[in-house]
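Counted from 1, the sequence shown has number 40 at position 32 by this note's numbering; the numbering is strictly sequential. For each residue, glycine too, the CB sits at the ideal point set by N, CA and C. Only a predicted model underlies this, so the values are computations on that prediction, with no experimental measurement involved. Heads up: the structure comes next, in structure tokens.
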Amino acid sequence: MLKLFQGIRPFQRAAAVRDAFAGLTLAAMNIPEAMGYTKIAGMPVVTGLYSLLLPFVAFAAFGSSRYLVVSADSATAAIFASGVSGLAPAASARYVALAGAVALLTAGFLLLARLLKLGFIADFLSQTVLVGFLTGVGFQVGIAVLGEMLGVSVSARRTVLQLAEVSRRLPEVHLPTLAVSAVVLGAILLLHRFAPKVPGALIAVVAAVASSAIWNFSGHGIAIIGPVAGGLPHLGHPDLSWKDLPPLIPIAASCCVMIITQSAATARVYAALHRQQLDENTDLAGLAAANAMAGLSGTFVVNGSPTQTAMVESAGSQSQVAQLATAAIVAIVLLFLTRPLEYLPRCVLGALVFLIAVRLVKVRTLMAIRRESPEEFALALTTAVVVVAAGVEQGILLAMTLSLFRVVKLSYHPHTGVLVLNQDGTWNLNPVASGVMTEPGLVMYRFGATLFYANANRFAEEVNCLVGPAPSQVRWLIVDAEAITHLDYTAARVVLELQQTLTSCGTQLGFARMPWDLKSDFARHHVSEVVDPSRIFDRLHDAQVAFEKLEHP
């Protein structure tokens with residue numbers, strides 16, 4: 009049964025008033041950022057405001073998270089723009105139609121994921137490569153707006169070529185534009201440093217609009233965004249034909265993966281922080297509804313935003329009432345306050361985007377990964393480089409591939425070793441090598457993963473290495489099966505053959521700490537028929553005691 013507005017229930021008037029005030033704070037901080045995201049996406053400025061309207065209401069109605077803010081986001085905006093930029097001129101009517109189609113296709117993918125209960129997909133994009141991906145997006149987005157901040161035109165589309173073109177054209181920098189950009193950046197950074205709760209971006213935008221109107225910035229060569237369409241968005245499907253859709257499918261699929269991953273990760277953090285239940289599959293329905301409304305209302309793909317969610321949570325909100333309040337404020341802006349926006353200098357939007365890009369570059373996190381796991385740092389760095397050099401879409405595909413490859417690698421090459429009892433009663437894991445034993449005549453071998461077709465031969469090779477040639481000095485080989493939660497058909501055949509080989513060497517094969525599901529696999533694959541039941545133990549200590557009693561009755 010469909011439950012609506014789970015992120016608001018139970019409704020309490022006092023709590024709703026508090027959350028509504030938090031929505032005022034969110035609107036003050038989010039409206040300038042949403043306009044900045046339109047620069048990343050290549051969309052008209054007003055579409056950023058559209059992303060804060062009906063998508064907010066749709067997720068509040070169909071999602072479960074009480075905190076997640078679903079609106080325009082830099083990662084999905086970059087994925088979308090990277091794929092669509094070659095299909096139509098930015099901000100043109102056709103470009104906007106393509107944006108709506110991508111949002112609707114993304115909604116379809118998300119709804120399919122909801123019906124198939126694929127919320128778990130988020131677990132397969134590791135935090136390591138996600139950090140690398142977002143870092144690459146940060147560099148790409150930051151470099152893309154450098155020309156606008158400096159007042160020089162840039163025609164290249166690739167990030168590396170854009171940086172080279174900006175470098176060549178530095179002597180052509182328009183000083184008034186550079187001055188406005190520098191003042192905006194400095195003001196926002198100072199406010200963030202000394203008054204973090206003050207909406208610095210909103211103050212900068214209002215001040216820039218007022219200054220532009222008073223001192224005629226456009227007359228001094230500072231580009232402004234020009235007329236902004238007022239009024240609420242008109243609902244309707246994008247004006248495209250069916251033949252326009254195939255090139256958009258991979259773009260929408262990439263957006264879908266990023267949305268599932270980033271939204272689930274963000275919602276989980278705040279649900280755990282506030283000890284609240286989270287239904288990831290219900291959130292998929294909310295995300296699908298939000299993107300459907302984005303596509304029908306003329307804006308672009310929306311996503312669960314970590315930065316905006318942090319904003320609303322820090323403002324004291326505890327439900328989606330804050331997001332609904334923000335939507336109401338945006339509606340007022342669209343109805344009555346779009347005319348002044350035409351004076352907004354484009355370099356100010358560029359400065360806002362540049363600050364967003366800086367926040368995406370997680371230098372501290374990358375350094376922490378480098379200290380703790382150099383291999384994972386290399387994966388993150390590789391992902392970032394691919395995003396910058398090849399593109400965002402290629403970067404997200406690489407991120408998925410590397411994450412899955414790491415899972416496969418850990419299963420294919422798990423931690424293994426021989427368990428040896430220390431004097432303090434704890435077990436130590438020694439590397440597998442010929443002649444290594446737990447004690448004379450006994451080997452307790454730990455295999456740290458599910459036993460399946462890909463790693464079964466490694467399991468057999470290491471056991472044979474420990475046992476050695478016949479006649480073996482190892483009388484018992486006990487497998488610590490605590491981590492072996494599953495045994496497939498191929499691995500079962502390997503274990504059956506291994507049992508015969510060990511018997512011919514004079515070695516008894518046994519198991520300890522077997523999970524209940526592994527026992528079921530043993531019975532189904534007939535392994536339990538050849539393993540002596542007296543060689544199956546609940547604890548490692550029980551196996552050691554049984555062996556010592558047999559050796560020293």
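- Counting C-beta pairs with one atom in each stretch, the segment 359-377 and the segment 152-170 have three or more that are closer than 8 Å, which means they touch.
- K205 has its alpha-carbon roughly 32 Å from the corresponding atom of G306.
- In this model, V25 and E180 are separated by some 52 Å (Cα to Cα).
- Under DSSP, W484 takes part in a beta bridge, and its partners are L450 and Q516.
- A contact is defined here as three or more CB-CB pairs under 8 Å, and the segment 316-324 meets this definition with respect to the segment 19-39.
- Put simply, of L126, A386, A85 and K527 the residue whose alpha carbon is nearest the alpha carbon of T493 is K527.
- Contact between T84 and V396 does not hold, since the beta-carbon distance rounds to 18 Å and is not under 8 Å.
- The way I'd put it, the segment 103-121 doesn't touch the segment 331-339; fewer than three beta-carbon pairs between them come closer than 8 Å.
- In this structure, L504 lies away from V471, with their beta-carbon atoms at least 8 Å apart.
- Residue environment for W484: buried (at least 16 other C-beta atoms within 10 angstroms of its C-beta).
- Of the candidates G227, L186, F308 and V174, F308 places its Cα closest to the Cα of M43.
- F128 is classed as exposed because its beta carbon has fewer than 16 other beta carbons within 10 Å across all chains shown.
- The beta carbon of T274 sits closer than 7 Å to those of L76, G312, P314 and T317, all from its chain and outside the five residues before and after it, given in chain order.
- One Cα belongs to S381, the other to K557, and the distance between them is close to 44 Å.
- In the same chain as P439, and ignoring 5 residues on each side of it, the C-beta atoms closer than 7 Å to its own belong to G425, in chain order.
- Ranking R201, A203 and L193 by CA distance to the CA of V213 puts L193 first.
- By the CB criterion at 8 Å, M51 and V104 fall inside the cutoff.
- For the alpha helix (DSSP H) assignment, the uninterrupted runs of no fewer than 4 residues enclosed by the segment 251-333 are, from N- to C-terminal side, 257-281, 288-304 and 314-322.
- Residue nearest to T46 within the set E537, V236, P18 and K125 is V236 (criterion: CA-CA distance).
- Membership of V538 in any alpha helix (DSSP H) is not indicated, and neither H nor E is assigned to it by DSSP.
- Take V394, set aside five residues on each side of it, and the residues of its chain with a beta-carbon closer than 8 Å to its own are G144, Q402, G403 and L406, in chain order.
- Sorting R466, A152, L113 and A203 by C-alpha distance to the C-alpha of K417 places R466 at the top.
- Judged by pairs of C-beta atoms under 8 Å, the segment 277-284 touches the segment 59-78, as three or more such pairs exist.
- DSSP places G140 in the uninterrupted alpha helix (DSSP H) bounded by Q135 to A152.
- Of the candidates I232, Q170 and V162, the residue whose Cα lies closest to the Cα of S189 is I232.
- About 58 Å separates the beta carbon of A551 from that of A330, a gap too long to meet the 8 Å contact definition.
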